[in-house]
Structure formats: structure tokens, C-alpha cells
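Protein chains in written order, with this note's numbering: chain Z, 1 to 114; chain Y, 115 to 228. Backbone N, C-alpha and C fix where the C-beta goes; we use that ideal spot for every residue, glycine too. Structure first, then comments.
See the structure below:
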């Protein structure tokens, strides 16, 4: 299984809602990532988890709260978002290969904040 | 701040023609260069991870070269097919506290005209 899955595919939420994005991989990868991508912009790193511990937070606002319950799962909890947070949220996992790392991406969750 | 630039932003190529595009990145503190292919509504798919200056990698009709001294990589597609239509992303990898961080370019959107 070389797949990263993400649910839901699409999410519409109001600014007062609380919702969660889910990401799952069963490749035994010990590093997992959240990226945010706005239209016509490159994916931007938000968080990195390594061995289920948060290792990088790219100064992301606290209305985004990541969680790694186990080595296969990564969640992103959303609360009090703003319309400008509407974007494609990509999850990835990685493993070491000769000369570097290889990242596998999920298809993303398209989030719209109204 | 690491800037990864890709050109052109978009490209239309006749089926059967060959094409190439460029990724440029800061050559200082270089670790690895990644190429991804991203079809609409699908997950970004890893094509190549390159680390050595002068490296050349090939996958089917797609190949890539790397110049770490001057900070650029070329992606070549020989004999384009409609299924090659996608956005091609490059990303520069940097080690950050034992984890890797990818900084992406904005991508080259390739459309193959049948």
C-alpha cells in the first residue's frame, strides 16, 4: 500500500465551526506533514511530525491544531477559521531513500471557510 | 528565505513534440532537489529525487538533470503524450533539525494538445 488518504475531499465550514481533517498512511513512514496550498501558489509547509512528535511548526496560527494519535494517523483540527484560510490542505508522509527523502502526498482536502 | 522559481508558468505543446522546463534554487545549503507531477484532482506523484551535481535521472520518456553549483534543474519530456498534461512541481530539500523541509516552486502547468 503506497497511498496516503485524506478525508474529507471537500469541506465547507463557517467561521464559528470546529472541524477536523484526517490523513492516514500504512507505509510505516515515521514523518508526516501538513501543507497548505492557495490557488496559483506553491504548497507551503505548516507542520512536521516525526515519530509522532511535533518537530516543525512554521508559525501557524493556533486556530490550526495538529495531532498525531499514532504513527499512521495525522489530524488537523480547525477552529474559528477565517475566509482567507480557504485553501487545499495536503498531507504527506516520507521515508529515507538513497541520498535523501521521498515524500508521498495525499490528494488533499479542499476547504472553504464562509 | 529560500526562493524556488520555475519557468515557464504554463506551456502548451503539440502531441509528439518534446519539451523542457526549468527549476532554479539557491545553490547554498543545497541538500536535494525533488520533482513532482501533479494531475488535477489527484495526489502529487514523486518523479525524481536528485542530490549530486551533474546527476541525470530518467523515468520512461521523462528525464531530469541537476546543476547544484549554479542552482538549476531541467525536466525534459520526450515525445509528449496527452497523459503528460499535468503541473510539474520542483522542490528544494533542506535539513532542519534532523527533519527535511521541502520548499516548492509554483510549478509549470503543461498542456499537451492532441
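message: Using beta carbons (cut-off 7 angstroms, strictly below), is residue 158 of chain Y in contact with chain Z?
response: For residue 158 of chain Y, the answer is yes, since a Cβ of chain Z falls inside 7 angstroms of its Cβ.
task: Would you please verify whether the beta carbon of residue 219 of chain Y is less than 7 angstroms from any beta carbon of chain Z?
output: yes
message: Below 8 angstroms on C-beta distance, what does residue 94 of chain Z contact in chain Y?
response: Under the 8 angstroms cutoff, chain Y gives 214.
query: Can you list the residues of chain Y that residue 4 of chain Z reaches, using a CB-CB cut of under 8 angstroms?
result: Per Cβ cutoff of 8 angstroms: 157.
message: Let me confirm a value: residue 194 of chain Y is counted as buried when at least 16 other C-beta atoms fall within 10 Å, else exposed. Which label applies?
response: Answer is buried; the Cβ neighbour count reaches 16.
query: Contact check, residue 148 of chain Y vs residue 207 of chain Y under 8 angstroms by CB: the rounded distance?
result: The beta-carbon distance between residue 148 of chain Y and residue 207 of chain Y, rounded to whole angstroms, is 6 angstroms. This is short enough to meet the 8 angstroms contact definition.
message: What ranges does the beta strand (DSSP E) occupy inside the region 139 to 190 of chain Y, keeping only unbroken runs of at least 3 residues that lie completely in it?
response: 146 to 152, 159 to 164, 170 to 173 and 176 to 181
- prompt: What whole-angstrom Cβ distance do residue 48 of chain Z and residue 31 of chain Z have, given they're in contact under 8 angstroms?
  reply: 7 angstroms
message: With distance defined between alpha-carbon atoms, name the residue in Y:158, Y:186, Y:155 and Y:159 nearest to residue 166 of chain Y.
response: Y:186
query: Listing by chain order, which chain Y residues have their CB less than 8 angstroms from the CB of residue 104 of chain Z?
result: Simply 157 and 160.
field: residue 202 of chain Y burial status per 10 Å Cβ neighbour count (16 or more: buried)
entry: Taking all protein chains shown into account, residue 202 of chain Y has 16 or more neighbouring C-beta atoms within 10 Å of its C-beta and is therefore buried.
field: Proximity to residue 72 of chain Z [Cα-Cα], best of Z:28, Z:10 and Z:18
entry: That would be Z:28, whose Cα lies nearest to the Cα of residue 72 of chain Z.
message: I want to know whether the region 104 to 113 of chain Z touches the region 3 to 23 of chain Z - three or more CB-CB distances under 8 angstroms.
response: The region 104 to 113 of chain Z makes contact with the region 3 to 23 of chain Z: 3 or more CB pairs, one atom from each, lie closer than 8 angstroms.
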